[in-house]
Amino acid sequence: MKYLSLKRALNNCVSLDQLKRIHALCVTLGFLHSQNLRQPLSCKLLQSYKNVGKTEQAQRVFDQINDPDIVSWTCLLNLYLHSGLPSKSLSAFTHCLHVGLRPDSFLIVAALSSCGQCKDLIRGRVVHGMLLRNGFDENPVVGNALIDMYCRNGVMGMAALVFEKMGSKDVFSWTSLLNGYMLCNNVSCAREVFDAMPERNLVSWTAMITGCVRAGAPVQALEMFKQMEADDGGTLHCADLMVAVLSACADVGALDFGRCIHCCVKKRRLELDVAVSNAMMDMYSKSGRLDLGVRIFDEILKKDVFSWTTVISGYAYHGEGHLALEAFSRMLESGVNPNEVTLLSVLTACSHAGLVVEGKVLFNRMIQWRYMKPKIEHYGCLVDLLGRAGLLEDAKEVIGMMPISPDAAMWRSLLSACLVHGNLSMAQIAGKKVIELEPNDDGVYMLLWNMYCVADMWKEASEIRKLMRERRVRKNPGRSMVDVNGVVQEFFAEDTSLHVSAELCHLLKGMKEHSETYNF
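24 is the number of the first residue of the sequence shown in our numbering; add one for each residue after it.
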């Protein structure tokens with residue numbers, strides 16, 4: 024077999040068994056001992072092992088290369104990056120420099136990516152100086168990697184400076200800076216960059232929409248998706264984009280729009296991506312259609328930990344505690360190990376369904392596990408579980424004995440339970456703790472004020488109002504969102520800015536008169 028035939032076979036290789044046979048042929052035919060062919064063929068083998076997910080075999084191929092050149096070292100760095108081992112990639116870069124090789128632009132890009140993923144700003148600055156000394160600063164690919172490195176380390180001022188000094192900016196340069204602002208939750212600056220982009224591609228749209236979802240702006244994310252659809256005619260879609268849009272639909276309960284996205288997913292066969300199926304499950308569960316979410320779960324062939332967690336969370340959201348526990352048992356039987364979010368979902372399910380004994384048993388099991396210990400969110404769920412069941416003293420005891428300082432959410436949970444079960448003395452303690460930790464939380468002031476008014480404790484109620492005035496805490500208006508014909512409308516209490524406010528008031532007035540007439 025000739026060398027070119029082997030090279031073509033490596034290009035078309037898709038399975039580990041096939042790759043091992045080709046590797047054996049390379050050895051027996053002596054190609055790996057040829058001075059001219061050893062380095063390029065070894066790099067090709069290394070890349071092939073990387074593509075089938077076999078990092079150790081790829082490492083062994085590299086170790087068998089005598090005096091690896093800069094291309095081989097670059098392949099090794101990219102192997103570690105692809106395998107999620109950026110610290111090893113940085114170590115390999117350091118070793119490459121120690122053996123006296125001069126880096127090229129490809130090696131610099133891999134090193135910058137390693138510094139970004141490791142959040143190693145010090146080494147990133149060293150690599151920056153190195154690329155300046157070697158004259159790589161005019162290379163747009165290097166510039167994009169440099170922007171990404173500074174963005175991942177949160178140094179947006181430097182990232183923007185590199186961007187401004189770049190002579191040639193492509194769509195990836197703009198997207199790198201945009202994504203950096205999104206990583207810092209600076210949606211306004213990201214939007215300015217996005218609006219200024221001379222051209223946009225699927226990556227830039229996905230970065231912007233995903234960033235809006237992560238920043239807690241799902242309505243804005245959906246509006247941007249509709250703008251994207253109008254601009255490109257609905258031709259641009261990928262799995263990451265669908266996940267982001269479905270997450271936005273889940274956040275606002277936009278069931279009709281979520282169903283439209285489901286149709287897009289099926290049309291492009293993106294449901295084969297387990298992350299997309301998980302997002303669809305979450306959307307249907309949070310939009311009130313748990314049955315459709317469970318149906319999608321049953322259709323997933325290879326369920327990962329996120330699939331199980333999502334269906335358990337759906338059961339918890341709908342108060343189906345027993346079904347959540349049953350799904351958790353099936354998950355363990357299938358050999359999938361739960362993560363912290365899974366256990367949080369199970370505890371939440373127990374809390375919402377009043378399964379005190381089952382929740383306590385699960386929490387005690389978690390304490391005994393070596394690979395995972397309860398975090399503050401798990402203790403918060405236990406406090407909520409006990410509080411809902413009226414075991415207020417037990418809930419307070421958990422807060423006092425936990426190895427982590429309780430946060431405001433935990434005290435707020437105890438406060439709500441105390442108000443439900445009429446324990447005013449403990450409610451006062453919990454309320455004061457919330458105010459200490461979050462003095463600008465308007466909700467807790469109103470809860471305490473209402474509690475004092477109901478109990479005819481007018482002096483204490485007056486003090487709460489006085490405290491709000493002194494700290495300039497204002498009550499935020501109530502807000503609700505509704506999906507009308509695929510458009511999410513947002514309403515605020517006493518908001519008269521909407522053009523439909525007159526019609527709404529007229530409708531509400533009619534409903535009120537109707538209810539009074541028929542004594543509803």
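Note that beta-carbon positions come from the ideal geometry of N, C-alpha and C, so glycine has one too.
- Distance from the Cα of R237 is smallest, within the candidate group L408, K482 and S270, for S270.
- Excluding its 5 nearest sequence neighbours in each direction, A453 has C-beta neighbours in its own chain below 8 Å: W434, R435, L437, L438 and C441, listed in chain order.
- For A432, the CB contacts under 7 Å within the same chain, skipping 5 residues up- and downstream, are G403 in chain order.
- The segment 112 to 124 makes no contact with the segment 156 to 169; the number of CB pairs closer than 8 Å stays below 3.
- DSSP, reduced to helix, strand and coil, places A134 within a helical segment of the structure shown.
- Closest by C-alpha distance to L264, out of D274, A277 and T233, is T233.
- When the alpha-carbon of S357 is set against those of I335, S368 and W331, the nearest one is in W331.
- Restricting attention to D90, P63 and H105, the CA atom closest to the CA of E79 is found in H105.
- In the DSSP assignment, S310 falls outside any alpha helix (DSSP H) and carries neither an H nor an E.
- Positions of the alpha helix (DSSP H) runs, each at least 4 residues long and wholly inside the segment 343 to 419, are given as 344 to 356, 363 to 376, 379 to 391 and 399 to 411 in order along the chain.
- The beta carbon of H46 sits closer than 7 Å to those of L68, all from its chain and outside the five residues before and after it, given in chain order.
- In the structure shown, P426 adopts coil according to DSSP, grouped into three states.
- Within the same chain, and ignoring the five residues on either side of D296 in sequence, the residues whose Cβ sits closer than 7 Å to its Cβ are A262.
- If one requires a minimum length of 4 residues, the alpha helix (DSSP H) runs lying completely within the segment 419 to 489 are 431 to 444, 447 to 460 and 465 to 477, in chain order.
- In the three-state reduction of the DSSP assignment, S38 falls in the coil class, being assigned neither a helical nor a strand state.
- Counting only runs of 4+ residues, the alpha helix (DSSP H) found wholly inside the segment 57 to 127 occupies 61 to 74, 78 to 86, 93 to 105 and 109 to 121, in chain order.
- For the options S191, V194, E493 and G203, the alpha carbon positioned closest to that of M181 is the one of G203.
- The alpha helix (DSSP H) runs of length 4 or more contained entirely in the segment 207 to 287 are, from start to end of the chain, 210 to 219, 225 to 237, 241 to 255 and 262 to 275.
- Boundaries cannot be given for F159, as no alpha helix (DSSP H) includes it and DSSP labels it neither H nor E.
- The three-state reading of DSSP puts M189 in coil, since its state is none of H, G, I, E or B.
- Residue range V328 to Y340 is occupied by the alpha helix (DSSP H) that includes G337.
- Looking at V216, A277, M220 and P221, the one whose alpha-carbon comes closest to that of E246 is A277.
- With fewer than 16 other beta carbons inside 10 angstroms of its own, R393 counts as exposed.
- Taking every protein chain shown into account, the CB of P241 has 16 or more other CB atoms within 10 angstroms, so this residue is buried.
- Per the coordinates, the alpha-carbon of E461 lies some 32 Å from the alpha-carbon of F329.
- Proximity to H345 across N360, V369, L355 and L324 peaks at V369, based on C-alpha coordinates.
- I284 sits buried, since 16 or more C-beta atoms from the chains shown fall within 10 Å of its C-beta.
- The criterion of a C-beta distance shorter than 8 Å is not satisfied by G139 and N101.
- Counting only residues of its own chain and dropping the five nearest sequence neighbours on each side, L348 has a CB closer than 8 Å to the CB of V369, A372, C373, L378 and E381.
- Secondary structure of V297 (DSSP, three-state): helix.
- Within the same chain, Cβ atoms closer than 7 Å to the Cβ of D407 are found at S374 and S436, the five residues on either side in sequence being excluded.
- A418 and N224 have their C-alpha atoms roughly 52 Å apart.
- Remark: C-beta atoms of L385 and L367 do not approach each other more closely than 8 Å.
- At least 8 Å separates the beta-carbon of G166 from that of S137.
- DSSP places Y204 within a helical segment (H, G or I) once states are collapsed to three.
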